[in-house]
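Under the working numbering, the sequence shown has 487 at position 300, and the numbering climbs by one with no breaks. Built from N, CA and C at the ideal position, the CB exists for glycine as well. Since the structure is predicted, the reported quantities are computational estimates derived from the model, not experimental observations. Working notes, structure below.
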Amino acid sequence: MEILSRLLNKAAQEGRLPFHPKCSKVGLTHLCFADDLWIFTDGSPRAISVVDSILKEFYSITGLKVNYQKSEIYYCGVQDSIIKNLAATYGFKLGTLPVRYFGVPLITGRLTDAALKPLILKITDRINSWTSRHLSFAGRLQLITSVFRGRATDARGAMVSWEIVCKPKVEGVLGIKPLQAWNKACDTSWLWRKILSLRPAARYLIKHMIGNGENTFLWFDFWHPTGPLLEVYGQKIVQDTAIPLQAKLSQVVQGNFWKWPPARSPELLQIQIALCGNLYPNEAGEDSVIWLASPSRSFKIGYTWNHLREKQAKMPWFRLVWFANSIPKHSFMSWLAILHRLSTRARQKSWSPHIDATCVLCGAENETRDHLFFSCSYSRTVWDVISSMLEIPSTFSWQSALSWLCHKAK
Numbered sequence: 188m189e190i191l192s193r194l195l196n197k198a199a200q201e202g203r204l205p206f207h208p209k210c211s212k213v214g215l216t217h218l219c220f221a222d223d224l225w226i227f228t229d230g231s232p233r234a235i236s237v238v239d240s241i242l243k244e245f246y247s248i249t250g251l252k253v254n255y256q257k258s259e260i261y262y263c264g265v266q267d268s269i270i271k272n273l274a275a276t277y278g279f280k281l282g283t284l285p286v287r288y289f290g291v292p293l294i295t296g297r298l299t300d301a302a303l304k305p306l307i308l309k310i311t312d313r314i315n316s317w318t319s320r321h322l323s324f325a326g327r328l329q330l331i332t333s334v335f336r337g338r339a340t341d342a343r344g345a346m347v348s349w350e351i352v353c354k355p356k357v358e359g360v361l362g363i364k365p366l367q368a369w370n371k372a373c374d375t376s377w378l379w380r381k382i383l384s385l386r387p388a389a390r391y392l393i394k395h396m397i398g399n400g401e402n403t404f405l406w407f408d409f410w411h412p413t414g415p416l417l418e419v420y421g422q423k424i425v426q427d428t429a430i431p432l433q434a435k436l437s438q439v440v441q442g443n444f445w446k447w448p449p450a451r452s453p454e455l456l457q458i459q460i461a462l463c464g465n466l467y468p469n470e471a472g473e474d475s476v477i478w479l480a481s482p483s484r485s486f487k488i489g490y491t492w493n494h495l496r497e498k499q500a501k502m503p504w505f506r507l508v509w510f511a512n513s514i515p516k517h518s519f520m521s522w523l524a525i526l527h528r529l530s531t532r533a534r535q536k537s538w539s540p541h542i543d544a545t546c547v548l549c550g551a552e553n554e555t556r557d558h559l560f561f562s563c564s565y566s567r568t569v570w571d572v573i574s575s576m577l578e579i580p581s582t583f584s585w586q587s588a589l590s591w592l593c594h595k596a597k
């Protein structure tokens, strides 16, 4: 679409394509919405002829041809005879104002309820039709006779309220499980299993900040600079101190100072030395827990993901591939090309030896990525045309082209 944009803008700058009266001040010739293109002109036969020639030139360059049968032309303030003559000449369909895009009218003022009502009705009809699309005839009958009396969104006429029905039979009701409560119970079971499976990864991301030590386990929790003491030093350190395994940190705290037993082992001495001058308790404060993966020390899923994932060097070309308003298909193919993973004939031959690896365009050499895009005689001709139109340097090397683009993207 970049080539088509340049062709339209160039025609307007040269005076061949007249601007729409409301677009001349800003120099607007076209707008792109996803896969749709809007072209604005003054509506004269000369302007339509120029647009047609530009679309044909675009087709000759890219092979992308406009389907006039699916295209519409909108006019205002032009004689009907001229409009019909142009539509018949070029094969456009005549559109009616106001223009609707995805069911919503494109108007200059605020959208009203009346303008949006057709779209809302379509969505509502889709929602209300789920009973007829997803239930068998027996299921529909059972649903209608037991729960619904009328529309799917209408609960009038029920003999017993749904809140009462959704209780166990032992309580004198039907024993139907309320989906919301049952879903919470299922989620809780899944959540507990997830918590247990994530303990190894989260263990060193949760750290206890010491206050009075009453809410922190001495041996199990991560509060010491070296890590959880039982995990770092083993069961022997518990025996050396004669402090119970389930003891809280407050057992070795006295006021705002530490109260450790005499160091009877090198390990216990290391524990005490690491605390000297670095970490002291606070009798007046309470213990708190922080999340180390986030700068704010509170849990943030983005920072946590970035901390847990396996990292590699930042690629200088990533902005060339993934950028705002990029076309996903083009981005994905560019990514594959940069990684040298395109299914060229040379790569296919490595999987299936019977495949002919010769370039399908020139028939002279094996079809590799570098040959297909740069070394091929056909590709060189295309590059000559594109480089001239876009005013960019002509290149015949994949690496030099990528380096040039990376430099321009900075």
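Inset, instruction - Apply the 10 Å Cβ neighbour rule to T413 and answer buried if 16 or more other Cβ atoms are within range, or exposed otherwise. - result: What you label residue 413 is simply residue 226 of the sequence shown in a count that begins at 1. So T413 ends up on the exposed side.
Inset, instruction - Could you tell me which residues DSSP puts in a beta bridge with M396? - result: For the purposes of this step, residue 396 is taken as residue 209 along the sequence shown, with counting starting at 1. DSSP output for M396 lists S475 as bridge partner(s).
Legend entry - Continuous beta strand (DSSP E) stretch holding I458: start and end: Your numbering for residue 458 matches position 271 in the sequence shown. Note, I458: premise wrong, no beta strand (DSSP E); alpha helix (DSSP H) at P453 to L462.
Inset, instruction - Since I believe D474 is in contact with G398 (beta carbons under 8 angstroms), could you give me their beta-carbon distance rounded to a whole number of angstroms? - result: Along the sequence shown, read from residue 1 onward, the residue named residue 398 stands at position 211. Along the sequence shown, read from residue 1 onward, the residue named residue 474 stands at position 287. That pair is a contact at about 5 angstroms.
Inset, instruction - Please work out which residues of its chain come closer than 7 angstroms, Cβ to Cβ, to I579, disregarding the five sequence neighbours upstream and downstream, and give them in chain order. - result: Residue numbering aside, residue 579 sits at position 392 when the sequence shown is read from its first letter. Counting only Cβ-Cβ distances below 7 angstroms, and skipping sequence neighbours, we find nothing.
Legend entry - Stretch-stretch touch, CB-based, cutoff 8 angstroms, three pairs: the region 421-429 with the region 516-533: With a cut-off of 8 angstroms on Cβ pairs, the region 421-429 is not in contact with the region 516-533, counting fewer than three such pairs.
Inset, instruction - Just mark F227 as buried or exposed, buried being the case when its beta carbon has 16 or more other beta carbons within 10 Å. - result: Numbered from 1 along the sequence shown, position 40 holds the residue referred to as residue 227. With 16 or more other CB atoms across the displayed protein chains lying within 10 angstroms of its CB, F227 is buried.
Inset, instruction - Please report how far the alpha carbon of L592 lies from the alpha carbon of I269, in whole angstroms. - result: Walking along the sequence shown from the start, residue 592 turns up at place 405. Walking along the sequence shown from the start, residue 269 turns up at place 82. Looking at the two C-alpha atoms, the distance is approximately 47 angstroms.
Inset, instruction - In angstroms with no decimal places, state the Cα-to-Cα distance between H411 and I307. - result: Locating residue 411 in the sequence shown gives position 224, where the first residue counts as 1. Locating residue 307 in the sequence shown gives position 120, where the first residue counts as 1. If you take the alpha carbons of H411 and I307, they lie about 59 angstroms apart.
Inset, instruction - Measure the C-alpha to C-alpha separation of S575 and R567 and round it to an integer number of angstroms. - result: The count along the sequence shown starts at 1 and reaches residue 575 at position 388. The count along the sequence shown starts at 1 and reaches residue 567 at position 380. Straight-line Cα distance between these residues: approximately 12 angstroms.
Legend entry - Limits of the beta strand (DSSP E) - the one that D223 falls within: Taking the sequence shown and counting its residues from 1, the one referred to as residue 223 is at position 36. Counting along the chain, the beta strand (DSSP E) containing D223 begins and ends at D223 to I226.
Inset, instruction - Go through its chain and collect everything with a Cβ distance to G472's Cβ below 7 angstroms, but skip five positions before and after it. - result: Taking the first residue of the sequence shown as position 1, residue 472 is located at position 285. Around G472: G398 and N399.
Inset, instruction - Find out if the Cβ-Cβ distance for the pair A274, L281 is shorter than 7 angstroms. - result: Locating residue 274 in the sequence shown gives position 87, counting from the first residue. Locating residue 281 in the sequence shown gives position 94, counting from the first residue. It is a contact, given that the beta carbons lie within the stated cut-off.
Legend entry - Inter-stretch contact at 8 angstroms, needing at least 3 Cβ pairs: the region 443-452 / the region 508-515: No: the two stretches stay apart, fewer than three of their Cβ pairs being nearer than 8 angstroms.
Inset, instruction - Find the nearest neighbour of D267 within the set T283, Y255, V253 and Q256, judged by alpha-carbon distance. - result: Walking along the sequence shown from the start, residue 267 turns up at place 80. Ranked by Cα distance from D267, the options T283, Y255, V253 and Q256 are led by T283.
Legend entry - Option nearest R386 by Cα separation, candidates L366, D408 and T403: Counting from one through the sequence shown, the residue named residue 386 turns up at place 199. Checking every option, the nearest Cα to that of R386 belongs to D408.
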